[in-house]
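Residue numbers (our numbering), protein chains in the order written: chain E, 25 to 358; chain B, 25 to 358; chain G, 775 to 1097; chain Z, 775 to 1097.
Taking it in order: structure first as structure tokens, then the write-up.
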Amino acid sequence: MSATPTPRNLDLDRLLDHHKLMWRIRAFEEAALQANTEKLVLGAIHPSIGQEAIAAGVVTNLRVDDILSSTHRGHGHTLAKGADAKAMMRELLGREGGTSHGKGGSMHIADFSVGMLGANGVVAANIHITAGAAHAIKMKGEDRIACSIFGDGAINRGPFLEGLNWAKVFELPALFVCEDNGFASTTRTASMTAGPGPAARAEALGIPALEVDGNDVIALDEATRDAAAAVRAGGGPRFIVAKTYRLTGHTAADPAAYRPAEEVAAAWRNDPIARLAQTLADAGIKGEALAGHERDARTEMEAVYDDAKAAPWPPLERAFADVQDVGDPRVDAY
Amino acid sequence: MSATPTPRNLDLDRLLDHHKLMWRIRAFEEAALQANTEKLVLGAIHPSIGQEAIAAGVVTNLRVDDILSSTHRGHGHTLAKGADAKAMMRELLGREGGTSHGKGGSMHIADFSVGMLGANGVVAANIHITAGAAHAIKMKGEDRIACSIFGDGAINRGPFLEGLNWAKVFELPALFVCEDNGFASTTRTASMTAGPGPAARAEALGIPALEVDGNDVIALDEATRDAAAAVRAGGGPRFIVAKTYRLTGHTAADPAAYRPAEEVAAAWRNDPIARLAQTLADAGIKGEALAGHERDARTEMEAVYDDAKAAPWPPLERAFADVQDVGDPRVDAY
Amino acid sequence: MVTMTYAEAGRTALAEEMQRDPTVWALGEDLGRGGVFGQYAGLPEQFGPVRISDAPISEAAIMGVAVGAAITGTRPVVEMRFADFALCAVDELVNQAAKARYMFGGQSKVPIVVREPMGIWRSSAAQHSQSLESWYTHIPGLVVICPSSPVDNYGLMKSAIRCDDPVVYMEHKNLWALEGEVDNNDPLPIGRARIVRKGDDMTVVSWSATVHEAVTAAETLSADGVSVELLDLRTLWPWDKDRVFESVRKTGRLIVAHESVQAGGFGAEIAATVSEALFGALKAPVKRLGAPRVPIAYAPPLEDTVRVTAAGIAEAARAMVTE
Amino acid sequence: MVTMTYAEAGRTALAEEMQRDPTVWALGEDLGRGGVFGQYAGLPEQFGPVRISDAPISEAAIMGVAVGAAITGTRPVVEMRFADFALCAVDELVNQAAKARYMFGGQSKVPIVVREPMGIWRSSAAQHSQSLESWYTHIPGLVVICPSSPVDNYGLMKSAIRCDDPVVYMEHKNLWALEGEVDNNDPLPIGRARIVRKGDDMTVVSWSATVHEAVTAAETLSADGVSVELLDLRTLWPWDKDRVFESVRKTGRLIVAHESVQAGGFGAEIAATVSEALFGALKAPVKRLGAPRVPIAYAPPLEDTVRVTAAGIAEAARAMVTE
Ligand SMILES: Cc1ncc(C[n+]2csc(CCOP(=O)(O)OP(=O)(O)O)c2C)c(N)n1
Ligand SMILES: Cc1ncc(C[n+]2csc(CCOP(=O)(O)OP(=O)(O)O)c2C)c(N)n1
Ligand SMILES: [Mg+2]
Ligand SMILES: [Mg+2]
């Protein structure tokens, strides 16, 4: 079930775009961590540093009208889907102009205008929501697909079984992507996961599954392109497992003391951005060009962070808005 | 994954016991259906007529101190575990002297004194409960096992994934048995179940699984004997799928009009009791002896039914008893 | 003006809404054969298996899929079969359906109707008899409806389906066969109580099956010269404070009667609100009549001991007027 | 007499009970590293991975396994991490744990403690901030405890673990670091309210984190010459009617203050009960202070707008005495 990404003819422009995007994601999250340090973000921040290849390799194979749902660790996916970094950072800081007017924050980051139907604070909950989106898409005969990205910890919750079974029973246009970073918070998922793992579970539910090196954006790009095409063609759901590693703690507050330093150091040597840079350098791209991506990304995200810091709080009425139409708390909240 | 039950050397005494037990189960449920017709049972009755081989072949491989949990269709399992038919019938009629003083009825039939920890009104809920019982058994270092019997409809609910994963992660002494009768109420389970089925799902969770002809008590007996021995020996959980057919409607009230008459007729020709009788006849057992089992069973269960009909209602105080110690409603229910 | 049963009324309303709006569909176990209570009978033939969809035994998926399908432009009607089984899908209803619109700052609404047949129904025991309507009144984002008659089940089902909010729609299992006249074709307003009968001595507020006990009680009482104004709340959230206040201002006395457990029941919300708002106008303390805090037993006599009955309501009413 | 934090108090009580009774064990995600809030820190080392057990992300299994393990002779302490995630395990708690003893006619009890850290906690938003204690008070079979201080968390945790009933034990996430003196080694009685301060003009009943707001309010008020008797309910079911009634009989006024949504909140139960039982003794209508019926927002200022604060309590109290 493992993808062999070589030999391949590289589409350099596309790879350069991936490199830019991965740096934008990393720079965004470094700014978010900064905001956390400066106590401008009080809620939990779950960085995807080290997992950017999945956002780039998977999500760029989705069209803007395709649907994506994500997890608590969803900044990268959301940026890759095309959300505005400024609005996202304002959301993280709980400011007016945030994607959700500061009402959801990092764990509920969403931008419906680009088909990003939300990160979710409940592990595995987005699997059902994606199956439902795919169900609606098929029912309406629309030409688009729905993609759900979730972690390796999510495969032990009921929705993994119920949602995947549903998607296959109804042969829905759904793409399921498991970000297997080896951990669920402080727990090594292998210690709490029985059997051969995510791919075998998906196949036992009749869904073709593929395991990919989640730090190899080229392999992910190819695997997702093929899987998404099959789903788009009406072939029913597909499943991809992307093996990766969470380079930071579970949250900004987690020192991740439960992992040996060597393990983390080794993982850094497998940094997906560095790997892509190496590939591009080998292909003759100038180091200057690559360094430029990093510089531009940092400049962009510093500005994005400054903008968010300067942004006002949402007006207090917002606390009572968008609850419900019938029984609107703005009419009677008690 | 399919068991080949022949060649085998028959233990005639054991088979005769199975034959007696299967007739006792059928006669019990025919009496229960009678009670339903006579409106002496108002709640739902789910007969296991046609599935008696599973109760006999599986449950008789459990010791009295082993633990069993079952489903809404649990009369046969409960009788096979050694519960008193009289107390069970009183329970079905909601009378004093019932296994649960008439407070649970058919769907919650239980007899803790013989290790039968309850039928359950919620599909698949007993899977978690059995995993928990097995967890406690292992924790306390006891020499017994826990067995859960559930239907093919239960494999699409979250607890199937969560409970089996749990049992395997902790290598628990748990035996899971799926009664695959092809239906979930009025729905053909095949139409709502993705992938290869229960056994493949269990194996994807690391649990060795076996498919057995659920109307062949001899095959079930052997398969369960081996599986239970492996579990008892500390080999971790095992899974058995017993293919069978529900000869009656889903409940006593269900005419099962959604099934072609030929299908049901063919299934009757595969009646597990008749099949066992044939095997025994071929082995030289007199028809008279076999007819005696049926006669005795009917006589017993008629008496059991008469006893229940004559039994008093539970005293009304029972409605307030056995709720909780702290905050006991007998002290203050409002 | 036609006569139909409570089940037929819900079914007719659903069918009409499905004809009116192609994005309306229903999903749940056994719907392809008309549903376990026949509340979908004929609809599979009329609308086909896509719009009247079977489902695996996966309450969490049924609810979660409905949420995803609702934010993707359809209007799912979710069948939970028994309110008790909805407890397998609480995250999907409370953490997802009820909060999505708010968490996402209004980027989407979640127009789903969650049908949860409720209540005590002939020896169904503890896991098939619950009435947990008060739970949903406590959850921001949810609308809660408990119809007691065919005409209300028809009109409120229509409104629920047209409502853009997640609606918990609780039909009472004991009312399926109840016949009544359905004299309008329009949706009924959500949040409006029905004045079942006018009276002057006291107000009785009830909902769902217990309304019928209250009707009987009111008749007995009027024979005894006690004039009861009976309100069928119909909608628990939002609830019709105006009509309840208006009535209690007139009568000065209030009994709230419901089948569900009294402790933490919605009767407490009504009693607390009225006791505060109409403190001066009350001639007697507001009285709640709900079930004792015990699970529902299987044996009919035990089941009966926890019911709120016409006799119990009448007795409480007499005690109140003679206080 | 030692000083410890609220988190340490719960941890110490659990450790002592585990030493006392070998059948007590805990299960939940990340417990092997001390739990997400450090409420189990040191216990894995002390008791090992079997008695302080990790778990997959499977709330339903964690709860359901605990039920099975409880009816098989152990006393599990279930860690739900956030009360919000317990919504993934409602069938297991409400249909199984709470009803097993009754459905089976007393053949077994279900001694589990379900820890559900609750409440608003620094921009955690709608899915990590809920307080649903009122739900559990409505479920027969369940005991509900909401400690507000280290000493109570210590004594009530011990009682909860020794209790043979399923106990929903809700610690408030904002109180983990709160320090206080723990001056006894014994379990505290379940169902007994604590008189935080004596007073004559009015009674304030509260629980969990809101008790601390009420303390501040009471101090401000006493400076203004309003003497408040403050009761910390501590246990919601069973709740201490005797002490509450006794106090309100004396003061004639009652405010119930809680963080959770007011509509359908447990404040309604208290208000309804007191308004009925002490109708004649009330000088003013019972006042409830709870959250508006909106989800909890992420942005701190929006989060703050729905809080029940000391200022809000004091203001309501002043309005009440000057009525
Ligand atoms: C149902 C549920 N249980 C527990 C949590 C707490 N929690 C948040 S993230 C997390 C770990 C998730 O691990 P994984 O799915 O592998 O995603 P990752 O964090 O590794 O990206 C947990 C347990 C939750 N959010 N939802
Ligand atoms: C969670 C849940 N959903 C739905 C039901 C209603 N129900 C009772 S039995 C049944 C069918 C179960 O099918 P299966 O598991 O195959 O068992 P069988 O009836 O065939 O023995 C259903 C849907 C239930 N009891 N629990
Ligand atoms: Mg992970
Ligand atoms: Mg079946």
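Even glycine gets a Cβ: it sits at the ideal position worked out from N, Cα and C.
{"Query": "Which residues neighbour ligand 3 when neighbourhood means a C-beta less than 6 angstroms away from any of its non-hydrogen atoms? List them by chain order.", "Result": "E/Gly175, E/Asp176, E/Gly177, E/Asn205, E/Phe207, E/Ala208 and E/Thr213"}
{"Query": "For chain E, check one thing: does any of its Cβ atoms lie closer than 9 angstroms to the Cβ of G/Arg794?", "Result": "no"}
{"Query": "Tell me, please, which residues DSSP counts as bridged to Z/Arg889.", "Result": "Z/Glu853 and Z/Tyr943"}
{"Query": "Cutting at 7 angstroms between CB atoms, please list the residues of its own chain near Z/Asp1078, excluding the five before and the five after it.", "Result": "none"}
{"Query": "Measure from the C-beta of Z/Asn869 to each C-beta in chain B and report whether the shortest distance is under 9 angstroms.", "Result": "yes"}
{"Query": "Return yes when at least one heavy atom of ligand 1 lies under 8 angstroms from the C-beta of E/Gly145, else no.", "Result": "yes"}
{"Query": "Using a Cβ cut-off of 9 angstroms (strictly closer), state whether B/Gly219 contacts chain G.", "Result": "no"}
{"Query": "Round the Cβ separation of E/Pro296 and E/Ala77 to the nearest angstrom and send it over; I've been treating them as touching at under 8 angstroms.", "Result": "4 angstroms"}
{"Query": "Please check if any C-beta of chain Z sits within less than 9 angstroms of the C-beta of B/Arg353.", "Result": "According to the sequence provided, residue 353 of chain B is Pro. The question's Arg does not apply to it. True, the Cβ-Cβ gap to chain Z drops below 9 angstroms."}
{"Query": "Out of Z/Trp1013, Z/Ala1042, Z/Val884 and Z/Ala1093, which has the shortest C-alpha to C-alpha gap to Z/Asp975?", "Result": "Z/Ala1093"}
{"Query": "Which residues of chain E have a Cβ atom closer than 8 angstroms to the Cβ of B/Phe184, listed in chain order?", "Result": "Leu185"}
{"Query": "Tell me, please, whether the CB atom of B/Pro130 is closer than 9 angstroms to any CB atom in chain Z?", "Result": "Per the sequence shown, the amino acid found at residue 130 of chain B is Ser instead of Pro. For B/Ser130, the answer is no, since every Cβ of chain Z falls outside 9 angstroms of its Cβ."}
{"Query": "Regarding E/His274 and ligand 1, is the C-beta to nearest heavy atom distance less than 8 angstroms?", "Result": "yes"}
{"Query": "Just by C-beta distance, which residues in the region 853–882 of chain G are closer than 8 angstroms to chain E?", "Result": "Asp865, Glu866, Asn869, Gln870, Ala874, Arg875, Tyr876, Met877, Phe878, Gly879, Gly880, Gln881 and Ser882"}
{"Query": "Apply the 10 Å Cβ neighbour rule to B/Asn33 and answer buried if 16 or more other Cβ atoms are within range, or exposed otherwise.", "Result": "exposed"}
{"Query": "Using a Cβ-Cβ cut-off of 7 angstroms (strictly less than) and excluding sequence neighbours within five positions of Z/Gly1086, which residues of its own chain qualify?", "Result": "Leu1063"}
{"Query": "When the cut-off is 9 angstroms and only beta carbons count, does E/Ser209 lie next to chain Z?", "Result": "yes"}
{"Query": "Answer with buried or exposed for Z/Pro921, where buried requires no fewer than 16 other C-beta atoms within 10 angstroms of its C-beta.", "Result": "buried"}
{"Query": "Exposed or buried, which one is E/Trp292 when buried takes at least 16 other CB atoms within 10 Å?", "Result": "exposed"}
{"Query": "For a contact defined as C-beta to C-beta under 8 angstroms, what are the partners of G/Pro914 on chain E?", "Result": "Val347, Gln348 and Pro353"}
{"Query": "Determine the closest residue to G/Arg849 out of G/Ala899, G/Gln881 and G/Asp938, with distance taken between C-alpha atoms.", "Result": "G/Asp938"}
{"Query": "Who does Z/Ala1065 pair with in a DSSP beta bridge?", "Result": "Z/Val1035"}
{"Query": "Against chain A, which members of the region 190–207 of chain B pass a CB distance test of less than 7 angstroms?", "Result": "No chain A appears in this structure, whose protein chains are E, B, G and Z."}
{"Query": "Run the proximity test for B/Glu235: is its beta-carbon closer than 8 angstroms to any non-hydrogen atom belonging to ligand 4?", "Result": "no"}
{"Query": "Please go through the same chain and pick out, in chain order, the residues whose beta-carbon is closer than 6 angstroms to the beta-carbon of G/Pro1012, but skip the five residues on each side of it.", "Result": "Gly965"}
{"Query": "Following a CB-centred definition, is B/His132 positioned closer than 8 angstroms to any heavy atom of ligand 2?", "Result": "no"}
{"Query": "Buried or exposed for B/Ala214, going by 16 or more other Cβ atoms inside 10 Å?", "Result": "exposed"}
{"Query": "Could you check what DSSP says for G/Glu791 in three-state terms: helix, strand or coil?", "Result": "helix"}
{"Query": "Which residues, in order along the region 795–817 of chain Z, keep a beta-carbon less than 8 angstroms from a beta-carbon of chain E?", "Result": "Glu803, Asp804, Gly806, Arg807 and Val810"}
{"Query": "Quick check on this structure: which residue in B/Asp250, B/Ala345 and B/Ile309 has the alpha carbon closest to the alpha carbon of B/Val236?", "Result": "B/Asp250"}
{"Query": "Give a yes or no on contact between the region 192–205 of chain E and the region 157–172 of chain E, applying the rule of three or more CB pairs nearer than 8 angstroms.", "Result": "yes"}
{"Query": "Can we count E/Arg262 as close to ligand 4, meaning its CB is less than 8 angstroms from some heavy atom?", "Result": "no"}
{"Query": "Are the region 314–321 of chain E and the region 876–884 of chain G touching by the rule of at least three beta carbon pairs closer than 8 angstroms?", "Result": "no"}
{"Query": "Within 10 Å of its beta-carbon, does G/Val776 have 16 or more other beta-carbons around it, so buried, or fewer, so exposed?", "Result": "exposed"}
{"Query": "Which residues, in chain order, does the region 222–233 of chain E contribute to contact with chain B at a C-beta distance below 8 angstroms?", "Result": "Ala224, Arg225, Glu227, Ala228, Leu229, Gly230 and Ile231"}
{"Query": "When the distance is taken between beta carbons, is B/Glu227 closer than 9 angstroms to B/Ala233?", "Result": "yes"}
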